[in-house]
Amino acid sequence: MDDFRLIGSIQVIDQDEKKALMTTQIKVRDILTRYRIDPGINRDLSYNRIPKIIQYVDSFETDIGIFLPSIVCTFPEDPTRYYDREKMELVVPAGCKLVVIDGQHRIKSLEQYTTSKGLSEEKKERILDSDMTLQLYFGLTILDEQTLFADMNSNSKRVSMSLIANYDTRDLMNVLVKELYNISKPLQSIRVEFNKSRLVRPTSTHFTTSVRLKKFISLLLFGKKEPSSKDEHLIKEYYDELLSFLERFFRVLIEVMPPEPGNVLKYMLGHNPLQNAIALYCHKRIMTENTQRFSWIVNWEEVVGELRDVNWTTKNPEWRPYMLVSRANTPYEFHLFIENVERELLRILEKEEGALKLLND
Numbered sequence: 129m130d131d132f133r134l135i136g137s138i139q140v141i142d143q144d145e146k147k148a149l150m151t152t153q154i155k156v157r158d159i160l161t162r163y164r165i166d167p168g169i170n171r172d173l174s175y176n177r178i179p180k181i182i183q184y185v186d187s188f189e190t191d192i193g194i195f196l197p198s199i200v201c202t203f204p205e206d207p208t209r210y211y212d213r214e215k216m217e218l219v220v221p222a223g224c225k226l227v228v229i230d231g232q233h234r235i236k237s238l239e240q241y242t243t244s245k246g247l248s249e250e251k252k253e254r255i256l257d258s259d260m261t262l263q264l265y266f267g268l269t270i271l272d273e274q275t276l277f278a279d280m281n282s283n284s285k286r287v288s289m290s291l292i293a294n295y296d297t298r299d300l301m302n303v304l305v306k307e308l309y310n311i312s313k314p315l316q317s318i319r320v321e322f323n324k325s326r327l328v329r330p331t332s333t334h335f336t337t338s339v340r341l342k343k344f345i346s347l348l349l350f351g352k353k354e355p356s357s358k359d360e361h362l363i364k365e366y367y368d369e370l371l372s373f374l375e376r377f378f379r380v381l382i383e384v385m386p387p388e389p390g391n392v393l394k395y396m397l398g399h400n401p402l403q404n405a406i407a408l409y410c411h412k413r414i415m416t417e418n419t420q421r422f423s424w425i426v427n428w429e430e431v432v433g434e435l436r437d438v439n440w441t442t443k444n445p446e447w448r449p450y451m452l453v454s455r456a457n458t459p460y461e462f463h464l465f466i467e468n469v470e471r472e473l474l475r476i477l478e479k480e481e482g483a484l485k486l487l488n489d
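This note's numbering numbers the first residue of the sequence shown as 129 and each following residue consecutively.
Right under this line is the structure:
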């Protein structure tokens with residue numbers, strides 16, 4: 129059993145210098161030889177789930193490759209002994225086993241599939257050389273691991289792999305959104321609806337849905353609602369870097385929003401046209417022209433931070449020409465935007481940004 133290396137930055141979590149997280153890519157062959165399932169953390173395997181996942185893996189032969197949801201593990205050693213900050217490289221030493229928090233069914237399915245007799249050697253090697261996303265935690269206690277397992281397997285924070293029909297893991301943007309939500313505490317705090325495509329307002333105070341969040345990210349990165357196949361290949365090539373950027377982006381963006389931004393009785397932020405306008409605004413202001421990779425301006429956090437001065441409330445007169453009243457004269461009356469007014473709302477955001485510059489000059 130040899131050493132192997134994982135590339136990525138280690139981020140401290142919860143202001144506790146002993147606890148940290150790395151999001152990285154790991155070869156299927158490496159995870160299959162270097163994992164450990166702790167019965168004190170994981171539930172018993174549901175063997176009826178494994179054939180469904182095996183069938184999914186067997187049918188998945190596209191240019192994009194295998195994109196199962198991330199495996200979540202903990203690193204049982206002191207990372208300071210094995211991590212090179214300059215190279216952003218973690219050495220997993222021989223004999224070290226990664227403790228599985230989430231993903232035991234995926235691992236067991238891949239294990240069974242790659243050892244099946246009917247599998248050709250060529251296909252086996254192709255799968256073993258595929259990359260999977262790994263979220264690797266450091267410094268967790270047994271109680272921390274048990275709590276993390278419970279959180280990730282609760283209905284509100286997870287889509288079961290048995291629901292492949294509803295959660296299409298062949299869609300790279302779906303995978304990206306789910307991975308992002310799993311690691312982003314700010315996104316979890318404002319809530320994203322994964323099980324429904326629409327929100328019932330004003331009852332629901334979720335900020336958005338996973339479908340809308342995909343469009344937001346595409347508008348932010350590419351200036352359009354749907355990524356092209358070329359765009360998706362770019363996402364695949366720079367997946368880790370992009371995931372890290374998006375986690376930081378939403379942390380900064382949500383910090384400048386009011387509490388409970390999905391409350392449409394108070395704010396207009398929960399509506400799709402304004403969310404799209406914010407994404408377009410950030411695309412124009414912080415993303416730079418580069419067809420070979422993702423790139424953004426150095427001080428992008430300051431630019432996003434300027435949005436804290438926008439009046440997001442329903443009483444902002446700038447919104448009124450583009451607003452309608454829904455469920456009028458009922459206890460559920462609320463304001464919403466006319467459809468397809470993203471460009472008009474974008475101009476309002478740009479105008480407010482220009483006014484702020486004049487005040488500061």
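Beta carbons are placed, not taken as given, at the ideal position from N, Cα and C, and that holds for glycine.
Handout entry: Test item: CB-CB of residue 476 and residue 430 under 8 Å
Key = Within the sequence shown, numbered from 1, the residue matching residue 476 stands at position 348. Within the sequence shown, numbered from 1, the residue matching residue 430 stands at position 302. No, these two residues do not count as a Cβ contact at 8 Å.
Practice task
Apply the 10 Å Cβ neighbour rule to residue 345 and answer buried if 16 or more other Cβ atoms are within range, or exposed otherwise.
Solution key: Residue numbering aside, residue 345 sits at position 217 when the sequence shown is read from its first letter. Residue 345 is buried by the Cβ-count criterion.
Exercise for the section: Using three-state DSSP, classify residue 266 as helix, strand or coil. Expected result: Here residue 266 corresponds to residue number 138 of the sequence shown, with the count starting at 1. Looking at residue 266 - three-state DSSP - the assignment turns out to be strand.
Exercise for the section: Compute the distance between the beta-carbons of residue 71 and residue 337, then report whether it is under 8 Å. Expected result: Because the chain is modelled from 129 through 489, residue 71 falls outside the range shown and cannot be assessed.
Handout entry: Own chain residues within Cβ distance below 6 Å of residue 150, not counting five before or after
Key = For the purposes of this step, residue 150 is taken as residue 22 along the sequence shown, with counting starting at 1. Only 136, 138 and 264 meet the Cβ criterion.
Handout entry: the region 355-364 contacting the region 308-317, beta-carbon criterion three pairs below 8 Å
Key = no
Practice task
Note down, in chain order, each residue of its chain lying with its Cβ closer than 6 Å to the Cβ of residue 348, except the 5 sequence neighbours on either side.
Solution key: Taking the sequence shown and counting its residues from 1, the one referred to as residue 348 is at position 220. Within the same chain, residue 348 has close Cβ partners 407, 410 and 411.
Practice task
Give the C-beta separation of residue 261 and residue 325 to the nearest angstrom, bearing in mind that I take them to be a contact with Cβ-Cβ under 8 Å.
Solution key: Numbered from its first residue, the sequence shown carries residue 261 at position 133. Numbered from its first residue, the sequence shown carries residue 325 at position 197. Residue 261 to residue 325, Cβ: 25 Å. No contact.
Handout entry: Span separating the alpha-carbon of residue 334 from that of residue 393
Key = If you number the sequence shown from 1, residue 334 lands on position 206. If you number the sequence shown from 1, residue 393 lands on position 265. Roughly 13 Å between the two C-alpha positions.
Handout entry: Separation of residue 374 from residue 415, as counted between CA atoms
Key = Here residue 415 refers to the residue found at position 287 of the sequence shown. Here residue 374 refers to the residue found at position 246 of the sequence shown. For residue 415 and residue 374, the distance between alpha carbons rounds to 12 Å.
Problem - Distance, residue 425 Cα to residue 342 Cα - result: The residue you call residue 342 lines up with position 214 of the sequence shown. The residue you call residue 425 lines up with position 297 of the sequence shown. Residue 342 and residue 425: Cα-Cα distance of roughly 22 Å.
Practice task
Determine, using beta carbons only, whether residue 381 and residue 305 come nearer to each other than 8 Å.
Solution key: Within the sequence shown, the letter at position 253 stands for residue 381. Within the sequence shown, the letter at position 177 stands for residue 305. Cβ distance not < 8 Å, so residue 381 and residue 305 don't count as in contact.
Exercise for the section: Taking only beta-carbon positions, decide if residue 320 is within less than 8 Å of chain D. Expected result: Chain labels in this structure do not include chain D; a single protein chain is all it has.
Exercise for the section: Compare the beta carbon distance of residue 470 and residue 404 with 8 Å and say whether it is the shorter of the two. Expected result: If you number the sequence shown from 1, residue 470 lands on position 342. If you number the sequence shown from 1, residue 404 lands on position 276. Yes. Within cutoff.
Problem - Collapsed DSSP secondary structure at residue 425 in the structure displayed - result: On the sequence shown, position 297 is the one that residue 425 refers to. Residue 425 falls in the coil class under three-state DSSP.
Practice task
Enumerate in chain order the residues of its own chain whose CB-to-CB distance from residue 452 is below 8 Å, with the five nearest sequence positions on each side excluded.
Solution key: As a working mapping, residue 452 is identified with position 324 in the sequence shown. If we look at residue 452 and ignore the five residues flanking it on each side, its Cβ neighbours are 463, 464, 465 and 466.
Exercise for the section: Reducing DSSP to helix, strand and coil, say where residue 438 ends up. Expected result: Stepping through the sequence shown from its first residue, residue 438 is reached at position 310. Looking at residue 438 - three-state DSSP - the assignment turns out to be coil, as it is neither helix nor strand.
Handout entry: Three or more C-beta pairs below 8 Å linking the region 173-188 and the region 228-241
Key = yes
Handout entry: Rounded C-alpha distance that separates residue 366 from residue 461
Key = Looking up residue 366 in the sequence shown gives position 238. Looking up residue 461 in the sequence shown gives position 333. Whole-angstrom Cα-Cα distance: 44 Å.
Practice task
Assuming residue 440 contacts residue 395 (C-beta within less than 8 Å), just tell me the rounded distance between them.
Solution key: In the sequence shown, the residue the question calls residue 440 occupies position 312. In the sequence shown, the residue the question calls residue 395 occupies position 267. 5 Å between Cβ atoms; contact.
Handout entry: Pick from 166, 220, 270 and 157 that is closest to residue 228, judged by C-alpha positions
Key = Counting from 1 along the sequence shown, the entry for residue 228 is found at position 100. Measuring from the Cα of residue 228, the nearest candidate turns out to be 166.
Problem - Outcome for residue 270 when other beta-carbon atoms lying within 10 angstroms are tallied against a minimum of 16 - result: For the purposes of this step, residue 270 is taken as residue 142 along the sequence shown, with counting starting at 1. It counts as exposed.
Exercise for the section: Rounded to whole angstroms, what's the CA-CA distance from residue 200 to residue 164? Just pull it up for me. Expected result: Position 72 of the sequence shown, counted from the start, is the residue given in the question as residue 200. Position 36 of the sequence shown, counted from the start, is the residue given in the question as residue 164. Between residue 200 and residue 164, the C-alpha separation is close to 12 Å.
Handout entry: Among 247, 443, 206 and 169, the one whose alpha carbon lies nearest that of residue 275
Key = Counting from 1 along the sequence shown, the entry for residue 275 is found at position 147. Residue 169 is the option with its Cα nearest to residue 275.
Exercise for the section: Throw me the rounded Cβ distance for the residue 211 and residue 221 pair, which I believe falls under 8 Å. Expected result: Counted from its first residue, the sequence shown places residue 211 at position 83. Counted from its first residue, the sequence shown places residue 221 at position 93. Actually they do not touch by this definition, with Cβ atoms about 12 Å apart.
Practice task
Just tell me which of 148, 133 and 134 has its CA closest to the CA of residue 140.
Solution key: Within the sequence shown, residue 140 is the residue found at index 12, counting from 1. When each option's Cα is compared against that of residue 140, the closest is 148.
Problem - Within 8 Å, strictly: CB atoms of residue 478 and residue 450 - result: Translated into positions along the sequence shown, residue 478 becomes position 350. Translated into positions along the sequence shown, residue 450 becomes position 322. For residue 478 and residue 450, no; Cβs fall outside 8 Å.
Handout entry: Cβ separation of residue 360 and residue 300, assumed to be a contact under 8 Å, to the nearest whole Å
Key = For the purposes of this step, residue 360 is identified with residue 232 of the sequence shown, where counting begins at 1. For the purposes of this step, residue 300 is identified with residue 172 of the sequence shown, where counting begins at 1. Yes, residue 360 and residue 300 are in contact; Cβ-Cβ is about 5 Å, under 8 Å.
Problem - Where residue 368 sits in the DSSP three-state scheme - result: The sequence position of residue 368 within the sequence shown is 240, counting from 1. Correct three-state label for residue 368: helix.
Handout entry: Distance between residue 272 and residue 130 (C-alpha atoms, nearest Å)
Key = Sequence index remark: in the sequence shown, residue 130 carries index 2 (1-based). Sequence index remark: in the sequence shown, residue 272 carries index 144 (1-based). Rounded to the nearest angstrom, the two C-alpha atoms are 29 Å apart.
Problem - From 329, 377, 223 and 204, residue whose alpha carbon lies closest to that of residue 459 - result: For this step, residue 459 is matched to residue 331 along the sequence shown. It is 329.
Practice task
Please go through the same chain and pick out, in chain order, the residues whose beta-carbon is closer than 6 Å to the beta-carbon of residue 530, but skip the five residues on each side of it.
Solution key: Because the chain spans 129 through 489 in this model, residue 530 falls outside it and cannot be assessed.
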